[in-house]
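Visitor: The structure's right below; bear with me while I get my questions together.
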Amino acid sequence: MGLGDITGKAKDALGGGKADEHIDKGVDAVQEKTPDQVDQHVETGGDKLKDHLNKG
Numbered sequence: 001m002g003l004g005d006i007t008g009k010a011k012d013a014l015g016g017g018k019a020d021e022h023i024d025k026g027v028d029a030v031q032e033k034t035p036d037q038v039d040q041h042v043e044t045g046g047d048k049l050k051d052h053l054n055k056g
């Protein structure tokens, strides 16, 4: 298995919005465990991560 194969598998795994769904689940989990004052910061971080992943 070469680097191209690994890259292809990674793109397939993250394609179709799957990564966005997992990021949203992670954001929700963190927001449940932290005070309400940080919810917006967690949401912003999740949005920035999704934007970064979707650029490529």
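Quick note, the sequence shown lines up with residues 1 to 56 if you use full-length UniProt numbering.
Yeah, the Cβ is synthetic: ideal placement off N, Cα and C, and Gly gets one too.
1) Would you mind stating whether Q31 and D39 have Cβ atoms separated by less than 8 Å?
2) Helix, strand or coil for G17, going by three-state DSSP, please let me know.
3) Quick check on this structure: which residue in G2, K18, D28, I6 has the alpha carbon closest to the alpha carbon of L53?
4) Just curious, the alpha helix (DSSP H) that Q40 is in, first and last residue?
5) Out of E21, K9, Q37, V27, state which residue places its alpha-carbon closest to the alpha-carbon of G45.
Guide: With the given structure in hand:
1) yes
2) coil
3) K18
4) 39–55
5) V27
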